[in-house]
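Colleague: I'd like to ask you about the structure that follows.
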Amino acid sequence: MDLKQRLRALEAASGRRTLPDSGTTAVSAAHAAPHLPAVRAAIPAASGRSQPAADLLATGAERALAQRLGAVHMAPGLLFREVELAAAHRHGGQVLGEVCSIGEQALGVALPPPASGWLFLDTETTGLAGGTGTLVFLFGAVQVDASGFRLRQWLLTRFGGEAAMLDAIRQAFGEVAMIVSFNGKSFDLPLLRTRMRLHARALEERHLVHLDLLHPARSAFGARWPDVRLQTAEQRLCDYRRDDDLPGSEAPLAFTRWLRHGEADGLVRVMQHHRDDVLSLVSLSVALAEAYRDPQRLGADEGGIVRRLNRRGYRVREGQRQLAFSP
Amino acid sequence: MDPRESARLTPDDPALALADALVQRYPDRITARIVQPARSADFRPLPDWLDPALRQALGGRGITQLYSHQAEALALSRAGHHVVVVTPTASGKSLCYHLPVLAAVRARGAKALYLFPTKALAQDQVAELNELNREAALGVRAFTFDGDTPGDARQAVRLKGDVVVSNPDMLHQGILPHHTKWAQFFENLQFVVIDEMHSYRGIFGSHVANVMRRLRRIAAFYGSHPQFILCSATLANPAELAEGLIGAPVMAVERSGAPSGARHLLLWNPPVVNPDLGIRASNRSQTTRIARRAIAAGLKTIVFANSRLMVEVLTKYLKDAFERDIQTRAKVSAYRGGYLPDERRRTERALRADGLDCVVTTSALELGVDIGSLDVCILNGYPGSIAATWQRLGRAGRRGRTALGVLVASSDALDQYLVRNPAFFRDAPVEHARIHPDQLLILMEHLRCAAFELPFRQGEAFGPGPVDEYLAYLAESGVLHLEADRWHWMAEGYPANAVSLRSVADGNFLVVDHSNDRKEVIAEVDYSAAAMTLYEGAIYLVQARPYQVERLDWTGRKAFVRATRVDYYTDAIDYTRLRILDAFDTRVDGGSTCARGEVHLLRRVPGFKKIKYYSHENVGYGNISLPDHEMHTSSLWWQIDPRVLEQTFERRAQALDGFLGAAHALHLVAALRSMAERQDLGRAVGDGNGEWFATVGADSRGSARRADGARFDPDRSGDDFVPTVFLYDNFPGGAGMSEPLYGQAAEVVQGAWQLVLECPCRQGCPACIGPILAAEEKQAASPKQAVIRVLELLGARAWT
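The listed protein sequences derive, respectively, from chains F and S.
Heads up: the first sequence at position 181 corresponds to 391 in my numbering, and the numbers run straight through without jumps.
Heads up: the second sequence at position 673 corresponds to 658 in my numbering, and the numbers run straight through without jumps.
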């Protein structure tokens, strides 16, 4: 008996329930890959960011994927896509530019000026369990600085591209003074630190303010909403509805199917989903800041907001028409 | 101590006087008196390299020199060896690891990981380290890290702990899969301490060996190659076990230099009350009687029972006897798991301060916990291993006085065997702790965990060699992905959560108590044992407390039980057929053959018997309908040449009885030598081709059946009649228990023969040949004699 038969027999005899073969679990095929809106796609020229060598080393499937995404090969196994966005770009009820005027103390966090660089970031991973075996296969952000708004996404097409991705992330962190996330303090950042450590790198983050929107959102709406997930918040506060969105939970499968079978459709949809996520972070910052200024208008829990602000050292009392706070 | 001094002390030595009195009064109950003379300390100077602060800390605790075993362990460890120290209870073994560790922490910022099998032991060691620390402000920070460590304290332990004290399960599920958070710790990890090493044997030990492979792999990733210091109770093969666990050569220190007073051990067998059935008086009443005498003589006494229930019963008997007695007012207290920590601390303090005369306990007091010195230790029943017996007996003993231990045998067959064979306590240890880290299923589980922790390089070794073939299998099942020269984890889960170190695979059944409307998981049962123990109607015992299985959800892997009160237990009827697939080694001796190899097992459990306690009567039957269970496993087996059998036995049915009884006795002796739980080492009698198998039937007689369940009458079958006794690993793929027994097969056969021959029953009884009860009185050849003949044909010799 060869090893495979032997193991199959032993696993059956021991009552082990074999893992479902993740490659054969179907992603609903009804969803055809959407076309990405061609928002002034600014594919950087070969100078600087793209490495022609990386492109030459790419497989046919990788090149086709790059083309569909409007991305370039930054390193073997790493695609990079950058899109410049107008300040007037509308995402739900907000336009991006509004985020520059949410106020220095919005949400009870002292914010550095937008011109010093803000990064609204999110990751897609191979799992939610955490631990060293969970991989970040897509990192992306809306980067705001003096030059405007840029959507930047780094996507692995192979494990081998990870080191280059981590270096890109380190560089992006170095370019800004604040990062904005949703649950990043407990999920994305620990994971990034783990990946960095596995590649003998460190994430330089001491200079950064970290605004994790989950916490101010929970203070304001935890008692009002059934849950405080990003998509709940964007629906209720930003009036943003996604069409044909790939559920976040299917992202790991899409990456697996790409690796094992070269299926690109799932990854294209993950990129779209992820783009919506980071844009929602910008809109949500605006909407949340508004809810903190005027809780009643947006149905926020004023008591919860006041408690958070007080905890953070702001002197605010309930019952004011509008909350005006300063440290 | 000078032996003459010991002799001089005798008149004022009350434990010795009690031993003498008991031997005089109950000569027929005491099967042996084993005397270990007092031993004086063998001191060595503190080594030169020990820094002044450490010397000061030791001095503060009255230690100015070391025992020889401590000095030896320190020197070996200093020279860079992995070390295992085998020492008796209370011999200062923890200094063997504290000193090298503390010195390294202070000299070069080393970090150390201590692993204990239980949380309580971990806490005791942290307390001890902290005491040393305080004596001389050593500045060493020791913390426990286990399931009880609060979330906000974990970060501090990871970053600030010099010595982190944990357990293998936590290392497996909580530390290794998050090793990047422990990067600083691993970068400086120089020592790993494994105490109570003997508890890591069998399945658990095989898992722990793989956890150690993972630990060394992660440490190497951070550039560390830690040294191991292991401590163990007495075993026949400590260095072998240690090497198996850590995968590297280990030096053993086996001679203790600690002083000890004289120790007398009495092996006590309760009197026979029914000679035909071999039924003896309960050991409970005997234990109470001995304890009462000891307490009345003013001797501080500890009584060990094997279940919590028995602790309560014995405590009640002793309290009833003493606490109403105004003259003595002896104080008796119980101590066991399940009591609140405060209550336990109170009892410990009272024991140290001589405020208690007797404590009745379970294994909870076997190890570690400081309770001061005692005079008499009574074991109500054999604790399951000789190593544990000595650990418990070690609780009694103080300077310059004799310690008395009494092992009161229960009616259990193994107890009976042991009290009749004092050599087990007198001579070199016979218990071999076995592990099988390359057991395929266990190895695969840990390869998953290891791949999650860090991608494998192609050609990378895990254990003895490269594992690419296994990794390819995992890749094929979608768990790993090979890219360039790396195997990357690419599944969603967190594999360590699916692997329990206490079982082979993840098909475990949960036993759910739904009495009182709340659903509480009270036990976990291995998949392979489920059919035999969790059928509907089964009485499932937890700590001797009976629960009845009301519903078995086979696919959901749950058994719903309810607490009950019954006077019977249940025993599944087991139709197990084994077919020999491959013999790896065969030894022919006269007319008999002994071999080891691979077998195919098919088990059907058609029904169960209800058996009344004590009388062992059948009081009912029930049907079971469960799927057949099939597996490949390793086995040891014996056969006898059919011609020799024909010459020896008038009828084949007699020979079959002989084989069934021999299997029972061989099983007991083999389990003892391999330190296996009896249910983990299976036994079966059949023909070796899976054509027929034999069991003890409903009429308590041996009977044989064919594969289709039809009766098989060996005397009417013309075929060659080649009965075979199998002792097999009761786990798919084997667990490394039966195969090493091949090398000790002669001792096992000899032991089984002695067990049966020396049993005082006439026809054979449950203690020697198992449940073959209905011996035909008039028949010349009793089942017992048939068993003895079979064992003699297998090589037992009267003159050895």
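Ideal Cβ positions, reconstructed from N, Cα and C, are used throughout, including at glycine.
Predicted model, so just to flag it, every value in this text is computed and none were measured.
Going straight from the alpha carbon of S/I754 to that of S/G576, what length do you get?
Modeller: About 22 angstroms.
Colleague: Look at the alpha carbon of S/L144 and the alpha carbon of S/W167, and state the distance between them as a whole number of angstroms.
Modeller: Taking the straight line joining both Cα atoms gives about 7 angstroms.
Colleague: For the ligand FAD, any of its heavy atoms closer than 7 angstroms to the Cβ of S/V86?
Modeller: In the structure shown, the ligand FAD is absent, as is every other ligand, since no ligand is present at all.
Colleague: Quickly, what does DSSP pair S/N608 with across the bridge? List them, please.
Modeller: DSSP output for S/N608 lists S/G592 as bridge partner(s).
Colleague: Indicate the three-state DSSP secondary structure (helix, strand or coil) for S/E631 in the structure shown.
Modeller: Helix, per DSSP.
Colleague: With a threshold of 16 other CB atoms inside 10 Å of the CB of F/A255, please say whether the residue is buried or exposed.
Modeller: Any reading at F/A255 needs caution, since the residue's pLDDT is 39, under 50, leaving its predicted position unreliable; the model's value is listed next. Exposed is the call here.
Colleague: If you follow the beta strand (DSSP E) that S/R668 is in, where does it begin and where does it stop?
Modeller: Element bounds for S/R668: 666 to 671.
Colleague: Rounded to whole angstroms, what is the Cα-Cα separation between S/Y850 and S/H473?
Modeller: One cannot answer for residue 850 of chain S here, as it falls past the ends of chain S, which runs -14 to 785.
Colleague: From S/N118 to S/G77, what distance separates their C-alpha atoms?
Modeller: For S/N118 and S/G77, the distance between alpha carbons rounds to 17 angstroms.
Colleague: Mapping the DSSP letters down to three states, classify S/W253 as helix, strand or coil.
Modeller: Looking at S/W253 - three-state DSSP - the assignment turns out to be strand.
Colleague: Let me know the beta strand (DSSP E) ranges lying completely inside the stretch -12 to 59 of chain S, each 3 residues or longer, listed in chain order.
Modeller: As far as the stretch -12 to 59 of chain S is concerned, its whole beta strand (DSSP E) runs of at least 3 residues are 15 to 21, 28 to 30, 50 to 52.
Colleague: Can you tell me whether F/K214 is buried or exposed? The criterion is at least 16 other CB atoms within 10 Å of its CB, across all chains shown.
Modeller: Exposed, because fewer than 16 other Cβ atoms sit within 10 Å of the Cβ of F/K214.
Colleague: State yes or no: is the C-beta of S/E680 within less than 8 angstroms of the C-beta of S/I565?
Modeller: As written in the sequence, residue 680 of chain S is Thr, which differs from the Glu given in the question. No, the Cβ-Cβ distance between S/T680 and S/I565 is not below 8 angstroms.
Colleague: Please report how far the alpha carbon of S/A523 lies from the alpha carbon of S/Y554, in whole angstroms.
Modeller: Answer to the nearest angstrom: the Cα atoms are 8 angstroms apart.
Colleague: Which runs of the alpha helix (DSSP H) at least 4 residues long sit entirely within the stretch 448 to 528 of chain F? Give them in chain order.
Modeller: Runs of the alpha helix (DSSP H) inside the stretch 448 to 528 of chain F: 461 to 471, 475 to 503, 512 to 521.
Colleague: From what residue to what residue does the alpha helix (DSSP H) around S/P377 run?
Modeller: Note on identity: in this sequence residue 377 of chain S is Arg, with Pro being the wrong assignment. It spans 371 to 378 - the alpha helix (DSSP H) in which S/R377 sits, taken as one unbroken run.
Colleague: Could you compute how far the alpha carbon of F/N520 sits from the alpha carbon of F/V526?
Modeller: Using only the alpha carbons, I get a separation of about 7 angstroms.
Colleague: Within 8 angstroms of any Cβ in chain S, is that where the Cβ of F/T404 sits?
Modeller: Yes, F/T404 lies at the interface with chain S (some Cβ there is under 8 angstroms from its Cβ).
Colleague: Have a look at S/A435 and S/R199 and give me their C-alpha separation to the nearest angstrom.
Modeller: Straight-line Cα distance between these residues: approximately 6 angstroms.
Colleague: On the DSSP bridge list, what partners appear for S/Y560?
Modeller: DSSP lists S/R589 as partners of S/Y560.
Colleague: Report all residues from its chain with a CB closer than 6 angstroms to the CB of S/A319; omit the five preceding and five following residues, and keep chain order.
Modeller: Closer than 6 angstroms at the Cβ level, and outside the excluded window around S/A319, lie V296, T300, V345.
Colleague: Can S/V20 and S/A247 be called in contact, C-beta distance under 8 angstroms?
Modeller: Yes, they are a contact pair.
Colleague: Out of S/G47, S/I203, S/M197, S/G190, state which residue places its alpha-carbon closest to the alpha-carbon of S/Q169.
Modeller: Selected option, being the one with the closest Cα: S/I203.
Colleague: Check the Cβ-Cβ distances between S/P717 and every residue of chain F, and say whether any is below 8 angstroms.
Modeller: True, the Cβ-Cβ gap to chain F drops below 8 angstroms.
Colleague: How about F/A433 and F/G514: are their beta carbons less than 8 angstroms apart?
Modeller: Taking 8 angstroms as the Cβ cut-off, F/A433 and F/G514 qualify as a contacting pair.
Colleague: Going by Cα to Cα distance, which pick from S/R201, S/P223, S/P32 is closest to S/D180?
Modeller: Measuring from the Cα of S/D180, the nearest candidate turns out to be S/P223.
Colleague: In terms of DSSP beta bridges, what is F/H539 paired with?
Modeller: Within the shown structure, residues of chain F are numbered from 211 to 537, placing residue 539 of chain F beyond reach of any answer.
Colleague: Since F/L220 and S/G667 are thought to touch, with beta carbons under 8 angstroms apart, how far apart are those beta carbons, to the nearest angstrom?
Modeller: About 16 angstroms separates the two Cβ atoms, so there is no contact after all.
Colleague: Does the beta-carbon of S/N608 have 16 or more other beta-carbons within 10 angstroms, so that it is buried, or is it exposed?
Modeller: Its Cβ having fewer than 16 others within 10 Å, S/N608 is exposed.
Colleague: For the stretch 175 to 194 of chain S against the stretch 37 to 56 of chain S, are there 3 or more C-beta pairs whose distance is under 8 angstroms?
Modeller: Judged by Cβ distances under 8 angstroms, the stretch 175 to 194 of chain S makes no contact with the stretch 37 to 56 of chain S, as fewer than three pairs qualify.
Colleague: Which chain F residues are close to S/R471, counting only those with a beta carbon under 8 angstroms from its beta carbon?
Modeller: By Cβ distance, chain F contributes F369.
Colleague: Exposed or buried, what is F/H283 when buried is set at 16 or more other beta-carbons lying within 10 Å of its beta-carbon?
Modeller: When all chains shown are included, F/H283 counts as buried.
Colleague: Name the one or two DSSP bridge partners that S/E468 has.
Modeller: Note: S/E468 sits in a beta bridge opposite S/R471.
Colleague: Please confirm if the stretch 152 to 167 of chain S is in contact with the stretch 476 to 489 of chain S, defined as three or more CB-CB distances below 8 angstroms between the two stretches.
Modeller: Enough Cβ pairs lie closer than 8 angstroms, so yes.
Colleague: Entirely within the stretch 157 to 213 of chain S and at least 3 residues each: give me those beta strand (DSSP E) ranges in chain order.
Modeller: For the stretch 157 to 213 of chain S, whole beta strand (DSSP E) runs of length 3 or above, ordered along the chain, are 174 to 179.
Colleague: For F/A268, count neighbouring Cβ atoms within 10 angstroms of its own Cβ and tell me buried if that reaches 16, exposed if not.
Modeller: Per the 10 Å Cβ criterion, buried.
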